[in-house]
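A.B. asks: Let me give you the structure first, and then I'll get to my questions.
Protein chains: 2
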Amino acid sequence: MRVRDLDLDAVTTVEHDDDAYLGEINDIVGFHIRLAHGACYRHFTETFVELELTQKQVSVMWLVADHPGISQIDLGQKLRMDRATTMTIVNRLQARHYLRREKSPTDGRKQALYLQPAGEAVLNEAKKAIREHENWVKSRFSDAEVKTLMELLARIHE
Amino acid sequence: MRVRDLDLDAVTTVEHDDDAYLGEINDIVGFHIRLAHGACYRHFTETFVELELTQKQVSVMWLVADHPGISQIDLGQKLRMDRATTMTIVNRLQARHYLRREKSPTDGRKQALYLQPAGEAVLNEAKKAIREHENWVKSRFSDAEVKTLMELLARIHE
DNA sequence: TGAGATTGTATGCAATACTAACGAATAGGC
DNA sequence: GCCTATTCGTTAGTATTGCATACAATCTCA
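So the protein sequences, as listed, match chains A and B.
Sequential numbering from 1 applies to the first sequence in the working numbering.
Sequential numbering from 1001 applies to the second sequence in the working numbering.
Dropping the structure here:
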């Protein structure tokens, strides 16, 4: 818990932290999901500031590495992104020569995606940074709690 | 689990669903937080399409209702938003006459925020919609699981 | 073969989030 | 009380994500 906004305003008193003041909204599950996501997102961004990669970009490179030749539509479905959003992310990664498009031999409508050597190198760096980031998330949980958390979260997005 | 991308590509076989194909990235806690957040976000958007409100906008109105006269900086700290982001959201809500700014009597640098009557009316509608949305989230959990999930999430963002 | 569905692409729009800078107001040390 | 540093609101600019829409190429299936 960080130190913040104590004794700043007559509306509040000094001996509680933020959460004591939130009110009803504190009971909303979605609210906590959003805050947790935001905290995660910010830490991720700090961890990846040197690599200049976002969560989405890393996810895409990671999936392309594990599924060479995957199409944009399949990629989007795995990450729950629509075609247009997938396009912009792939475009950026292609512009940085991290991956390439290639016409699918089995389906002329599809583009098969492959990592470029530069992309593989960056992904390896990214995986190291991910490990740091994961440790930051997991540091507050026991192994059993991590397992529980992931199971509960999976039930929401599956 | 929705039906999707079966028999679409030679890379995959047909008897598994998406998660079986994700690979290593499936073990990353942050990945599941992001997916769960995305699922939540999309359902929220669908639920609030008629009210034309986003999660942030509802959160801000809700907090202003529970903390009349709150300053923008305090609001931002409770929702983990910086000053600039808070500004744009308050601007939009003010333009729609849902809340108003008033110079703080105790600190000339601050603006005190108050809900307008229109904002109160909309917030009441929003709370009904939130109840629907919450039921959608909670429908897959027992009460104990909801409690566990919220405690674990709170540890991330606190 | 032909109609309908799928995929990639392009364009535009909205919301979120951050940085940097500036002025007004406050707070704290002296 | 005064001066300096800090805080708060504001504006402007940039990047990312997400969605809708439209179009062309391709595939599927009746």
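Just so you know, even glycine gets a beta-carbon here, dropped at the ideal spot from N, CA and C.
These numbers come from a predicted model, not from an experiment.
Quick one: which chain B residues come within Cβ less than 8 Å of Lys128 of chain A?
C.D. replies: Simply none; closest approach about 13 Å.
A.B. asks: Specify, as a first and last residue, the run of the alpha helix (DSSP H) that Glu132 of chain A falls within.
C.D. replies: 117 to 138 is the span of the alpha helix (DSSP H), which, as asked, contains Glu132 of chain A.
A.B. asks: Tell me, which residues are paired with Leu1099 of chain B by DSSP?
C.D. replies: B:Leu1115
A.B. asks: With 7 Å as the threshold, decide whether the Cβ of Val1090 of chain B is near any Cβ in chain A.
C.D. replies: no
A.B. asks: Relative to the C-alpha of Tyr114 of chain A, which candidate in A:Gly69, A:Ile25, A:Ala95, A:Gly76 has its C-alpha closest?
C.D. replies: Closest option to Tyr114 of chain A, Cα to Cα, is A:Gly69.
A.B. asks: With a threshold of 6 Å (Cβ to nearest heavy atom), would Arg155 of chain A be considered close to the ligand GDP?
C.D. replies: The ligand content of the structure shown is nil, which means the ligand GDP is not present either.
A.B. asks: Throw me the rounded Cβ distance for the Leu152 of chain A and Phe1141 of chain B pair, which I believe falls under 8 Å.
C.D. replies: 7 Å
A.B. asks: Consult DSSP for Ile25 of chain A and reduce its assignment to one of helix, strand or coil.
C.D. replies: helix
A.B. asks: Taking only beta-carbon positions, decide if Ala154 of chain A is within less than 7 Å of chain B.
C.D. replies: Yes, contact with chain B.
A.B. asks: Consider the Cβ of Val1064 of chain B: report whether some Cβ of chain A lies at a distance smaller than 7 Å.
C.D. replies: Contact with chain A is absent for Val1064 of chain B, since none of that chain's Cβ atoms lies less than 7 Å from the residue's Cβ.
A.B. asks: Does any residue of chain A have a CB that is nearer than 7 Å to the CB of Gly1038 of chain B?
C.D. replies: yes
A.B. asks: Quick check: is the beta carbon of Gly1108 of chain B nearer than 7 Å to any beta carbon in chain A?
C.D. replies: So, not an interface residue.
A.B. asks: Would a C-beta distance cut-off of 7 Å place His1157 of chain B and Met150 of chain A closer than the cut-off?
C.D. replies: Between His1157 of chain B and Met150 of chain A, the gap from beta carbon to beta carbon reaches 7 Å or more.
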